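Trainee:
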Ligand SMILES: Cc1ncc(COP(=O)(O)O)c(CNc2co[nH]c2=O)c1O
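In UniProt numbering, the protein residues as written are 1 to 404.
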């Protein structure tokens, strides 16, 4: 196990004051914080290697290309992809999902069925609704229960020979629920459907093995796992990536362009049009190195301790209700105080230096299910502490006293 005080020294921002108080950062499900090692590599790139990549004959371009492609190999190794060309750099999870959705526009026909879940982030709902509008495919939804878990018996009933795609998140951003993706992938493949797993919330906590999962697509954002914003990845099985048409046209993604006809580049470049976020891609690799140096088993064990402690302390507060009570969840606690709007609680906590997320968390169907406008979401990471949780609890008690 690691020493959390030593870890916290890696994150300059954690020494900040907010409204005169020490920052307590509990909005990690929105974006994680950035260790000095990642910051240094971004500065190092722009200080010593900045050049456009691929096809350059000059040294700087070659060095930048090598760093970028080394990052791709780091991502391949981390997710245990069979080939590096199965890793597509994108601007993040939303871009990755839209790339796949766009690709299936030419592969689906009227009456085909797409299954998503009630726990999805809007980024894993709206692109599929748009795809259904384009193709006449039908969207089906796996329902959720009061604990914030998927009703798997209903999933089994939704599956049929018409099911072509099943797209669910690994972990719910709003509730922290860990979904049984191994089972979902197995059952979807039994009817011949392809599966995309939205890993935006799982990759900060666990190390998915895409070959072991046998998943067809897996997506993630660097900024959720100690990396920079504006860069993410799409893993796709080679056979699927070869089937999908390009998402964007332009430089990098071509083999030959004439006004009569254009031929496309091989994987991965077919899906990487234009100049990418080079520094971001390199820093994504650094972030993966950093998280692996801390150790995902250590992270999971420590964050589970934080979750248990936070849940126990929060439930001491009369009138506080937690949403998302699955036994199988990561370090996210969504809650409300009776008859108090989440925005008001969040605003008071901010005055105390405590950063939480309030609102629907881009998961409005979940809020509709619970008949609430939103929640206060506290999401913990391996650099948070039990003392910070105590500060949160005191802050909530203050908010309750002021707002009741
Ligand atoms: C499950 C899930 N899918 C997709 C996305 C979109 O990721 P992006 O493309 O990197 O923005 C998010 C972002 N979730 C959140 C962003 O801010 N608060 C959140 O809970 C997410 O949690």
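In this text, a Cβ means the ideal position worked out from N, Cα and C, and glycines have one as well.
Every value quoted in this text rests on a predicted model; they were computed, and no experiment measured them.
Within 10 angstroms of its Cβ, does residue 458 collect 16 or more other Cβ (buried), or is it exposed?
Mentor: The structure shown does not extend to residue 458, since the chain is modelled only from 1 through 404, so no value can be given for it.
Trainee: Taking 8 Å as the cut-off, does the stretch 266 to 284 touch the stretch 73 to 86 (at least 3 CB pairs, one atom from each stretch)?
Mentor: Three or more beta-carbon pairs drawn from the stretch 73 to 86 and the stretch 266 to 284 are found closer than 8 Å, and the two stretches are therefore classed as touching.
Trainee: What first and last residue would you give for the beta strand (DSSP E) that runs through residue 313?
Mentor: No beta strand (DSSP E) holds residue 313; the alpha helix (DSSP H) holding it covers 296 to 314.
Trainee: Is residue 256 helix, strand or coil by DSSP?
Mentor: strand
Trainee: Using 8 Å as the threshold, is the C-beta distance between residue 331 and residue 380 below it?
Mentor: yes
Trainee: Smallest Cα separation from residue 144: which of 258, 212, 117 and 17?
Mentor: 117
Trainee: Any contact of the stretch 241 to 261 with the stretch 290 to 302, i.e. 3+ C-beta pairs under 8 Å?
Mentor: no
Trainee: Around the Cβ of residue 83, are there at least 16 other Cβ atoms within 10 angstroms (buried) or fewer (exposed)?
Mentor: exposed
Trainee: Say the cut is 7 Å; is the CB of residue 3 nearer than that to a heavy atom of ligand 1?
Mentor: No, the Cβ of residue 3 stays beyond 7 Å of every heavy atom of ligand 1.
Trainee: Quick one: which unbroken beta strand (DSSP E) runs of 3-plus residues sit fully inside the stretch 180 to 257? Chain order, please.
Mentor: 194 to 198, 217 to 221, 232 to 236 and 254 to 257
Trainee: What I want to know is whether the C-beta of residue 362 ends up closer than 7 Å to one or more non-hydrogen atoms of ligand 1.
Mentor: yes
Trainee: Residue 132 to residue 156, Cα distance in whole Å?
Mentor: 21 Å
Trainee: Output the distance between the C-alpha atoms of residue 16 and residue 216, rounded to the nearest integer angstrom.
Mentor: For residue 16 and residue 216, the distance between alpha carbons rounds to 42 Å.
Trainee: Below 8 Å on the Cβ atoms is my guess for residue 235 versus residue 87; work out the distance and round it to an integer in Å.
Mentor: 6 Å
Trainee: Taking 5 Å as the limit, name every residue whose beta carbon sits nearer than that to some heavy atom of ligand 1, in sequence order.
Mentor: 29, 30, 92, 93, 94, 121, 123, 169, 173, 198, 200, 201, 221 and 361
Trainee: Measuring only the C-alpha atoms, how far is residue 271 from residue 85?
Mentor: 10 Å
Trainee: Let me know the secondary structure DSSP gives residue 124 once reduced to three states.
Mentor: helix
Trainee: Which value, in whole angstroms, describes the spacing of the CA atoms of residue 318 and residue 397?
Mentor: 9 Å
Trainee: Are the C-beta atoms of residue 341 and some chain B residue less than 8 Å apart?
Mentor: Given the protein chain composition of this structure (a single chain), no chain B is represented.
Trainee: Return helix, strand or coil for residue 356, following the three-state DSSP convention.
Mentor: coil
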